[in-house]
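Chemist: I'd like to ask some things about the structure below.
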């Protein structure tokens with residue numbers, strides 16, 4: 001496997017591009033899940049009343 | 056030597072391009088160990104005398120699992136040199152050249168931080184502190200300090216593997232109890248016969264890697280004696296959940312049966328010392344010890360889940 005470097009920067013091999021894309025997707029899913037987890041935990045800790053603001 | 060001789064691709068400037076896939080990072084977390092940690096922590100959550108919100112329980116177990124994974128990644132970071140020398144571990148992501156040591160360290164520290172903070176926010180800070188202590192104990196006290204310096208490495212280091220039920224119980228209640236300490240004690244005393252049975256079979260590999268396991272330092276006979284002594288201690292300890300009243304008589308009968316069988320296999324390892332039969336006895340004890348711990352905790356988890364389901368059915372509005 002070879003890598004090239006020219007004036008435009010590093011050119012990744014197809015294998016490197018594929019693994020980088022897979023890592024990016026995995027990080028995106030993990031961050032999304034983390035946000036969702038904190039949302040659900042917040043609702044669970046505050047209780048259902050949080051969805052009914054006082055009039 | 057190139058800066059990136061064992062991973063990724065060198066691109067001429069000393070920088071590297073990783074070719075690691077998400078599954079390589081998953082392997083860093085030691086998924087099989089993680090699953091055992093989740094299982095024992097679940098037992099800790101379920102023996103709690105109060106109801107835990109399912110979302111909080113799930114988030115807590117997830118944080119404990121990720122914390123265990125972080126410990127695994129930090130262990131692989133530090134042990135990459137000796138992992139490369141043993142057949143059982145040489146295909147791990149770092150010695151296989153898939154992930155650099157630096158990436159593994161960063162990954163492990165990040166997960167450790169996030170798992171502890173998440174457990175603190177979702178459950179409570181006692182549980183988070185205990186999880187942080189568990190990660191520290193496994194990564195620093197066991198991996199960095201004890202593993203390469205004393206044949207008692209897995210005895211003392213076993214505390215890290217035994218802590219998850221205490222962390223789980225603390226996550227559910229904010230306290231430490233005798234019940235969670237009993238589960239800790241079972242795993243703690245189970246660890247030496249489990250690992251030393253493996254060490255008897257793999258003594259050559261551990262010796263080549265320079266790890267002072269009991270058979271390499273004190274000899275196989277002393278190891279066999281210690282396996283027997285720990286198994287004698289383990290059999291009555293296995294009964295403690297029943298004696299303390301948080302497991303049923305069924306559990307008690309199961310613990311007596313499994314404890315007797317464990318003792319029988321340990322006695323055979325003690326008595327049969329030469330030839331292929333000796334190796335076979337050690338291997339049988341190693342495999343049975345996994346089943347022993349799994350069945351005891353499965354019984355506790357099963358009993359508690361049935362109790363939770365019955366309580367939920369009684370509370371339904373019909």
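Chains as they are written, first to last, in my numbering: chain A, 1 to 55; chain B, 56 to 373.
Yeah, the Cβ is synthetic: ideal placement off N, Cα and C, and Gly gets one too.
The structure displayed is predicted, hence computed values, not measured ones.
1) Using a cut-off of 9 Å between C-beta atoms, extract the partners of residue 23/A located in chain B.
2) Who are the Cβ neighbours of residue 227/B in its own chain at under 6 Å, not counting the five residues just before and after it?
3) Which first and last residues belong to the alpha helix (DSSP H) in which residue 357/B is found?
4) If you pair each beta-carbon of the region 76-88 of chain B with each one of the region 188-208 of chain B, do three or more pairs fall below 8 Å?
5) Determine contact between the region 253-264 of chain B and the region 336-343 of chain B, defined as no fewer than three beta-carbon pairs at a distance below 8 Å.
6) Would you say residue 321/B lies against chain A (beta-carbon separation less than 8 Å)?
7) Looking at the unbroken alpha helix (DSSP H) that takes in residue 262/B, where does it start and where does it end?
8) Starting from the beta carbon of residue 108/B, find every residue of chain A whose beta carbon is closer than 7 Å, and list them in chain order.
9) Using the beta-carbon of each residue, which ones in chain A are nearer than 8 Å to residue 111/B?
10) Leaving aside the five residues before and after residue 182/B along the sequence, list all residues of the same chain whose C-beta is less than 6 Å from its C-beta, in chain order.
11) Can you say whether residue 330/B is buried or exposed, counting buried as having 16 or more other CB atoms within 10 angstroms of its CB?
12) Using a C-beta cutoff of 8 Å, does residue 167/B count as contacting chain A?
13) For residue 349/B, count neighbouring C-beta atoms within 10 Å of its own C-beta (all shown protein chains included) and say buried if the count is 16 or more, exposed if not.
14) Could one say the Cβ of residue 66/B lies closer than 8 Å to chain A's Cβ atoms, at least one of them?
15) Using a beta-carbon distance below 8 Å, is residue 36/A in contact with chain B?
16) Excluding sequence positions up to five away, which residues of its chain have a Cβ less than 6 Å from the Cβ of residue 114/B?
17) Please list the partners that residue 367/B has in chain A, where partner means a Cβ-to-Cβ separation under 7 Å.
18) Can you confirm whether residue 31/A, when its beta carbon is compared against all beta carbons of chain B, has any partner nearer than 8 Å?
19) Kindly indicate the opening and closing residues of the alpha helix (DSSP H) around residue 112/B.
20) Going along chain A, which residues have a C-beta under 7 Å from residue 114/B?
21) Closer than 7 Å by beta-carbon distance: list the chain A residues that pair up with residue 96/B, in chain order.
22) Am I right that residue 35/B and residue 129/B are in contact with their C-beta atoms under 8 Å? What's the rounded C-beta distance?
23) Determine, for residue 225/B, whether the minimum Cβ-Cβ distance to residues of chain A falls below 8 Å.
24) If you draw a straight line from the alpha carbon of residue 33/A to that of residue 41/A, how long is it in whole angstroms?
25) Give every residue of the same chain whose Cβ lies closer than 7 Å to the Cβ of residue 364/B, excluding the five residues on either side of it in the sequence, and list them in chain order.
26) Quick one: give me the first and last residue of the alpha helix (DSSP H) that residue 9/A is part of.
27) Hey, how far is the Cα of residue 306/B from the Cα of residue 352/B?
28) Considering just the uninterrupted stretch of the alpha helix (DSSP H) at residue 77/B, what are its terminal residues?
29) Let me check understanding here. Comparing Cα to Cα, which of 341/B, 159/B, 296/B, 231/B lies closest to residue 358/B?
30) For the alpha helix (DSSP H) that residue 284/B lies in, which residues bound it at each end?
31) Quick one: measure Cβ to Cβ for residue 148/B and residue 82/B, integer angstroms, because I've assumed they're closer than 8 Å.
32) Reducing DSSP to helix, strand and coil, say where residue 10/B ends up.
33) Can you find a C-beta in chain A that's less than 8 Å from the C-beta of residue 177/B?
34) Under 8 Å Cβ to Cβ from residue 66/B, same chain only, skipping five residues before and after it: list those, please.
35) Just checking my contact of residue 237/B with residue 286/B at CB under 8 Å: how many whole Å lie between their CB atoms?
Modeler: From the atom records:
1) Correct list: 73, 75, 76, 77, 80.
2) The answer, listed in chain order, is 100, 103, 107.
3) For residue 357/B, the uninterrupted alpha helix (DSSP H) run begins and ends at 330-369, by DSSP.
4) No, the region 76-88 of chain B does not touch the region 188-208 of chain B.
5) Taking 8 Å as the limit for Cβ pairs, the verdict is that the region 336-343 of chain B does touch the region 253-264 of chain B.
6) At a cut-off of 8 Å, the C-beta of residue 321/B has no neighbouring C-beta in chain A.
7) Taken as a continuous stretch (DSSP letters only), the alpha helix (DSSP H) holding residue 262/B covers 258-264.
8) Here the neighbours are 44.
9) Correct list: 41, 44, 45.
10) These residues qualify, in order along the chain: 174, 222, 225, 226.
11) Residue 330/B is classed as exposed because its beta carbon has fewer than 16 other beta carbons within 10 Å across all chains shown.
12) Chain A, which has no Cβ nearer than 8 Å to the Cβ of residue 167/B, makes this no.
13) Result: exposed.
14) Its pLDDT being 49, under 50, residue 66/B is placed unreliably in this model, and the coordinates cannot settle the point.
15) Output row for residue 36/A: interface = no.
16) Excluding residues within five positions, the ones whose Cβ falls inside 6 Å are 177.
17) Within chain A, no residue comes near residue 367/B; the closest Cβ sits about 17 Å away, beyond 7 Å.
18) Put simply, the CB of residue 31/A is far from chain B, with every gap to its CB atoms at 8 Å or more.
19) Per DSSP, the continuous alpha helix (DSSP H) segment holding residue 112/B begins and ends at 109-133.
20) Under the 7 Å cutoff, chain A gives 37, 41.
21) Listed along chain A is no residue with a C-beta nearer than 7 Å to that of residue 96/B; the closest approach is about 17 Å.
22) No statement about residue 35/B is possible, as the shown extent of chain B runs from 56 to 373 and does not include it.
23) Not an interface residue.
24) Residue 33/A and residue 41/A: Cα-Cα distance of roughly 12 Å.
25) Cβ neighbours of residue 364/B beyond the five flanking positions: none.
26) Under the DSSP assignment, residue 9/A falls outside any alpha helix (DSSP H), being part of the beta strand (DSSP E) whose first and last residues are 9-11.
27) The alpha-carbon atoms of residue 306/B and residue 352/B are separated by roughly 9 Å.
28) It spans 77-83 - the alpha helix (DSSP H) in which residue 77/B sits, taken as one unbroken run.
29) Of the listed residues, the one whose Cα sits closest to residue 358/B is 296/B.
30) First-last of the alpha helix (DSSP H) with residue 284/B: 275-292.
31) The pair is a contact, with the Cβ atoms about 5 Å apart (cut-off 8 Å).
32) Because chain B in this structure spans residues 56 to 373, residue 10/B falls outside the shown range and cannot be described.
33) Yes, contact with chain A.
34) In this prediction, residue 66/B has a pLDDT of 49, which is less than 50 and means its spatial position is unreliable; nothing more can be read from the coordinates.
35) Contact doesn't hold; Cβ gap of about 18 Å is too wide.
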